[in-house]
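Residue numbers (the working numbering): 796 to 895. Where a beta carbon is used, it is the ideal one built from N, C-alpha and C, also for glycine. Take a look at the structure below.
Shown next, in the form of structure tokens:
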């Protein structure tokens, strides 16, 4: 593998919740990587887990995958805890080394 690129965009179904900024992460083989990302809304126990997706891509030689994950953490609402519900749309790209 030469490079791994992760792109994230976030959206929330509730109009009054601001969407966090999009994010792009580029990793090379020399870098240590974790694919469990905390919810950017700082909710309780909110996370987005991409480990299985990334590992299965590399194992199979796949070059691109995209999908959506939903945060199942909790935030405090005016009436108590509510489900976070933030949606992460992700795209993972793997650039493989070519033999020359």
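For this session: Round the Cβ separation of residue 830 and residue 858 to the nearest angstrom and send it over; I've been treating them as touching at under 8 Å.
Result: At roughly 17 Å, the Cβ-Cβ gap does not stay under 8 Å, so residue 830 and residue 858 are not in contact.
Exercise. Who are residue 888's beta bridge partners in DSSP?
Worked result: 800 and 859
Exercise. According to the neighbour-count rule (16 or more other Cβ atoms, all chains shown, within 10 Å of its Cβ), is residue 845 buried or exposed?
Worked result: buried
Problem set entry | Through-space distance from residue 888 to residue 872, alpha-carbon basis | 36 Å
For this session: Could you check which residue in 882, 886 and 894 has the C-alpha nearest to that of residue 808?
Result: 882
Problem set entry | Buried versus exposed call for residue 839 [16 or more other C-beta atoms within 10 Å across all chains shown] | exposed
Problem set entry | Short Cβ contact (8 Å threshold) for residue 842 with residue 833 | yes
Exercise. How many angstroms separate the CA atom of residue 816 from the CA atom of residue 866?
Worked result: 16 Å
Exercise. Residue 805: buried (16+ other C-beta within 10 angstroms of its C-beta) or exposed?
Worked result: buried
For this session: With a 10 Å radius around its C-beta and 16 neighbouring C-beta atoms as the bar for buried, classify residue 796 as buried or exposed.
Result: exposed
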